[in-house]
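K.L.:
Take a look at the following structure, please.
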Amino acid sequence: MSKRGDLDKLPAQDLGSVNTMSGDHEVVAGGGLLHRRIFLQGGGLAAAAFAAPGIARAETLDVPAWTKNPEGYFSGYGAPSRFEADVQRGPIGDQNPLYASGPGGIRAPIHALEGMITPNGLHFEITHNGIPDIDPDAHRLVIHGLVERPLSFSLDALSRYPMTSRVTFVECAGNSGALVRPTAVPGNAQTLHGLVSCAEWTGVSLAVLLAEAGVDPKAKWLLAEAADPSSVSRSIPIAKAMDDAMIALYQNGERIRPSNGYPMRLLVPGYQGNMNVKWLRQLKLTEAPMQTRYETSRYSLLLDGGRVAQYKFQLDAKSVIVRPSPGMGMNGPGLYEISGIAWSGAGKVRKVEVSADGGQSWAEAALSEPVLSKALTRFRMPWRWDGGPAVLQSRVTDESGYVQPTRDALIAERGQKNFYHCNCITSWAVDAEGSVAHVYA
Ligand SMILES: Nc1nc2c(c(=O)[nH]1)N[C@H]1C(S)=C(S)[C@@H](COP(=O)(O)O)O[C@H]1N2
Ligand SMILES: [Mo]
2 MSKRGDLDKL
12 PAQDLGSVNT
22 MSGDHEVVAG
32 GGLLHRRIFL
42 QGGGLAAAAF
52 AAPGIARAET
62 LDVPAWTKNP
72 EGYFSGYGAP
82 SRFEADVQRG
92 PIGDQNPLYA
102 SGPGGIRAPI
112 HALEGMITPN
122 GLHFEITHNG
132 IPDIDPDAHR
142 LVIHGLVERP
152 LSFSLDALSR
162 YPMTSRVTFV
172 ECAGNSGALV
182 RPTAVPGNAQ
192 TLHGLVSCAE
202 WTGVSLAVLL
212 AEAGVDPKAK
222 WLLAEAADPS
232 SVSRSIPIAK
242 AMDDAMIALY
252 QNGERIRPSN
262 GYPMRLLVPG
272 YQGNMNVKWL
282 RQLKLTEAPM
292 QTRYETSRYS
302 LLLDGGRVAQ
312 YKFQLDAKSV
322 IVRPSPGMGM
332 NGPGLYEISG
342 IAWSGAGKVR
352 KVEVSADGGQ
362 SWAEAALSEP
372 VLSKALTRFR
382 MPWRWDGGPA
392 VLQSRVTDES
402 GYVQPTRDAL
412 IAERGQKNFY
422 HCNCITSWAV
432 DAEGSVAHVY
442 A
């Protein structure tokens, strides 16, 4: 690939010496899916099998202009190569991504990234009312309510506690919600599924701070409230707070970005994005949930028959193929690597299966290490595209045994009245010209 943007051509790859009937290049499912062992360490044959037209016999080694010009200087804070300028977050709908203030969001370019970590400048963002300009020295986090000792922490004070790090995803409960619409919208991986990102977050375990304040046994919930103009506030079960919640201070090694909650945010791994309260300023321990706006009017699931599923916090397992995906044309028949991301709010990804025939047959993909609990997991699947129409799907199973549902199954269970927690299988149709589109299969 010469560029990473929307109009990429995937590299055409030569079948070379691949024997589709034997050994490591065995066809294991319809549409030309090959055994994942081609990617596993020690497989050894991957390089030869993927020999692409871009690889030529080496005869000369040019000395281009850049080799002769020692240009370029250090910078205090680095930026990506100018050739990567089209790797950008994208607005939601028609909204201007450069809004100066107020509510909005911006989606991560998941189709243009690799591995499991989202660079900080590309992490998706949702803000319900602007991005506050918080002075870290003046900011305080207050823990009060049903505690023995109400406490107020400066950023400095928090930084004196032992810190922990964990790699975890944050996903908006509204991510992928367009898939409940009656007809398939012509979106791509970013516009349909870009409200998820994954970072290494470092901070202080919430259990440590709660122990410091002394939890009253009557406390069953805590209200987490923000210092931004939207005052996002959510009720968090005390069990989650004591389990793996964190007051995050760092994002991928540096201070959290202003738009992601600087100088501190609540992190509740695997729970609805909205509960990861950014710009956190108070935790109030209570006996019961507080029925805040963001757990009543929003982020609750309206079901058929006038019922509402409230306090469904955990995000169920989801996966999506990002390469190929709409906007990336195929470049002739041959071998391709299908690459995608999978995650689950319940724990680790156990396996991802891929189909090239619209779900009639499946083959297991290779998972890239490390596979971490409640983190994005990269999967890869070797595919020999014969140049004909194909429908690509991925289906994740998590360590709890939960299997990502088909769209029909999800709608049968929940109806189409709400778009939250939409985690059904996505279908990308590849046509004979090699263009890729979002379809319902
Ligand atoms: N204070 C505050 N916290 C917030 C929000 C907000 O608008 N204000 N948005 C929430 C929503 S809806 C989501 S999906 C996540 C997004 O986190 P991110 O912007 O770091 O990706 O933050 C949550 N925390
Ligand atoms: Mo969200």
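Residue numbers (my numbering): 2 to 442. Built from N, CA and C at the ideal position, the CB exists for glycine as well. Keep in mind that this is a model prediction, so the values were computed, not measured.
Per the contact definition of three or more C-beta pairs closer than 8 Å, is the stretch 293-311 in contact with the stretch 158-168?
P.N.:
Counting Cβ pairs under 8 Å, fewer than three are found: no touch.
K.L.:
Can you round the beta-carbon distance between Gly347 and Gly274 to whole angstroms, since I take them to be within the 8 Å contact cut?
P.N.:
The residue given as residue 347 occupies position 346 in the sequence shown. The residue given as residue 274 occupies position 273 in the sequence shown. This sequence places Ala at residue 347; Gly is not what is there. The distance from the Cβ of Ala347 to that of Gly274 is about 16 Å, inconsistent with a contact at the 8 Å cut-off.
K.L.:
What does the alpha-carbon distance come out to for the pair Trp429 and Met276?
P.N.:
Against the sequence shown, residue 429 aligns to sequence position 428. Against the sequence shown, residue 276 aligns to sequence position 275. Each residue's Cα considered, the two are about 31 Å apart.
K.L.:
Going by DSSP in three states, Ala208 sits in which element: helix, strand or coil?
P.N.:
Counted from its first residue, the sequence shown places residue 208 at position 207. Correct three-state label for Ala208: helix.
K.L.:
Should Ile132 be counted as a contact of ligand 2 given a C-beta to heavy atom distance under 7 Å?
P.N.:
Your numbering for residue 132 matches position 131 in the sequence shown. No; taking the cut-off as 7 Å, the Cβ of Ile132 has no heavy atom of ligand 2 nearer than that.
K.L.:
Name the residue from His124, Val168, Val431 whose alpha carbon lies nearest to the alpha carbon of Ala442.
P.N.:
Along the sequence shown, read from residue 1 onward, the residue named residue 442 stands at position 441. The option with the nearest alpha carbon to Ala442 is Val431.
K.L.:
DSSP beta-bridge partners for Met247?
P.N.:
Taking the sequence shown and counting its residues from 1, one reaches residue 247 at position 246. DSSP output for Met247 lists Ser206, Leu268 as bridge partner(s).
K.L.:
Locate the beta strand (DSSP E) running through Lys285, then write down its first and last residues.
P.N.:
Reading the sequence shown from its first residue, position 284 is the one you call residue 285. First-last of the beta strand (DSSP E) with Lys285: 281-287.
K.L.:
Tell me whether Asn275 counts as near ligand 2, meaning its Cβ is closer than 7 Å to at least one heavy atom of that ligand.
P.N.:
Locating residue 275 in the sequence shown gives position 274, counting from the first residue. Answer for Asn275: yes, Cβ within range of ligand 2.
K.L.:
In the structure shown, what three-state DSSP assignment does Gly333 receive?
P.N.:
As a working note, residue 333 is residue 332 in the sequence shown. Looking at Gly333 - three-state DSSP - the assignment turns out to be coil, as it is neither helix nor strand.
K.L.:
Between which two residues does the alpha helix (DSSP H) containing Ala413 stretch?
P.N.:
Working through the sequence shown from its first residue, we reach residue 413 at position 412. That run of the alpha helix (DSSP H) goes 408-415.
K.L.:
Using a threshold of 7 Å, is the CB atom of Gly262 nearer than that to any non-hydrogen atom of ligand 1?
P.N.:
Counting from one through the sequence shown, the residue named residue 262 turns up at place 261. Because some heavy atom of ligand 1 lies under 7 Å away, the Cβ of Gly262 counts as near it: yes.
K.L.:
What are the start and end residues of each continuous beta strand (DSSP E) run of 3 or more residues lying completely inside the stretch 290-360, in chain order?
P.N.:
319-324, 335-344, 350-356
K.L.:
Got a sec? Which residues, its chain only, sit under 8 Å from Pro187 by beta carbon, not counting five neighbours each side?
P.N.:
Here the question's residue 187 lines up with position 186 in the sequence shown. Contacts found: Pro327, Ala438, His439.
K.L.:
Alpha carbon to alpha carbon, how far is Ile144 from Lys418?
P.N.:
Locating residue 144 in the sequence shown gives position 143, where the first residue counts as 1. Locating residue 418 in the sequence shown gives position 417, where the first residue counts as 1. C-alpha separation (whole angstroms): 37 Å.
K.L.:
Whole angstroms is fine: what's the gap from Glu400's alpha carbon to Arg351's?
P.N.:
Residue numbering aside, residue 400 sits at position 399 when the sequence shown is read from its first letter. Residue numbering aside, residue 351 sits at position 350 when the sequence shown is read from its first letter. One C-alpha to the other measures close to 5 Å.
K.L.:
Is it the case that the Cβ atoms of Leu302 and Ala246 are separated by a distance below 8 Å?
P.N.:
Translated into the one-based positions of the sequence shown, residue 302 becomes position 301. Translated into the one-based positions of the sequence shown, residue 246 becomes position 245. For Leu302 and Ala246, no; Cβs fall outside 8 Å.
K.L.:
Do Arg324 and Ser340 have their C-beta atoms within less than 8 Å of each other?
P.N.:
Locating residue 324 in the sequence shown gives position 323, where the first residue counts as 1. Locating residue 340 in the sequence shown gives position 339, where the first residue counts as 1. Cβ atoms of Arg324 and Ser340: closer than 8 Å.
K.L.:
Could you tell me the alpha carbon to alpha carbon distance between Trp363 and Pro371, rounded to whole angstroms?
P.N.:
Sequence index remark: in the sequence shown, residue 363 carries index 362 (1-based). Sequence index remark: in the sequence shown, residue 371 carries index 370 (1-based). Straight-line Cα distance between these residues: approximately 23 Å.
K.L.:
Based on the DSSP secondary-structure assignment, which residues constitute the bridge partners of Met382?
P.N.:
Numbered from its first residue, the sequence shown carries residue 382 at position 381. Met382 pairs with Ile339.
K.L.:
Taking all protein chains shown into account, do 16 or more other C-beta atoms lie within 10 angstroms of the C-beta of Glu226, making it buried, or fewer, making it exposed?
P.N.:
Translated into positions along the sequence shown, residue 226 becomes position 225. Taking all protein chains shown into account, Glu226 has 16 or more neighbouring C-beta atoms within 10 Å of its C-beta and is therefore buried.
K.L.:
Extract the residue ranges of the alpha helix (DSSP H) inside the stretch 143-173, only unbroken runs of 4 or more that lie entirely within it.
P.N.:
156-160
K.L.:
What I want to know is whether the C-beta of Ala80 ends up closer than 7 Å to one or more non-hydrogen atoms of ligand 2.
P.N.:
Within the sequence shown, numbered from 1, the residue matching residue 80 stands at position 79. No, ligand 2 has no heavy atom inside 7 Å of this Cβ.
K.L.:
Check whether the Cβ of Ala227 sits closer than 7 Å to any heavy atom of ligand 1, and report yes or no.
P.N.:
Position 226 of the sequence shown, counted from the first residue, corresponds to residue 227. Flag set: Cβ of Ala227 near ligand 1.
K.L.:
Following a CB-centred definition, is Thr128 positioned closer than 7 Å to any heavy atom of ligand 1?
P.N.:
Position 127 of the sequence shown, counted from the first residue, corresponds to residue 128. At least one heavy atom of ligand 1 is nearer than 7 Å to the Cβ of Thr128, so yes.
K.L.:
Looking at Trp344 and ligand 1, is the gap between the Cβ and the nearest heavy atom below 7 Å?
P.N.:
In the sequence shown, the residue the question calls residue 344 occupies position 343. False, no ligand heavy atom lies under 7 Å from that Cβ.
K.L.:
Below 7 Å, is the gap between the Cβ of Cys173 and the nearest heavy atom of ligand 3?
P.N.:
With respect to ligand 3, the structure offers nothing, as its ligand set consists of ligand 1 and ligand 2.
K.L.:
Let me check you understand the geometry: is the CB of Trp280 closer than 7 Å to at least one non-hydrogen atom of ligand 1?
P.N.:
Locating residue 280 in the sequence shown gives position 279, where the first residue counts as 1. At least one heavy atom of ligand 1 is nearer than 7 Å to the Cβ of Trp280, so yes.
K.L.:
Looking at the strands, I want to know which residues DSSP matches up with Gln394.
P.N.:
Working through the sequence shown from its first residue, we reach residue 394 at position 393. According to DSSP, Gln394 bridges with Ser356, Ser428.
K.L.:
Going by the C-beta, is Val143 closer than 7 Å to any heavy atom of ligand 1?
P.N.:
What you label residue 143 is simply residue 142 of the sequence shown in a count that begins at 1. For Val143, the Cβ stays outside the 7 Å cut-off from all heavy atoms of ligand 1.
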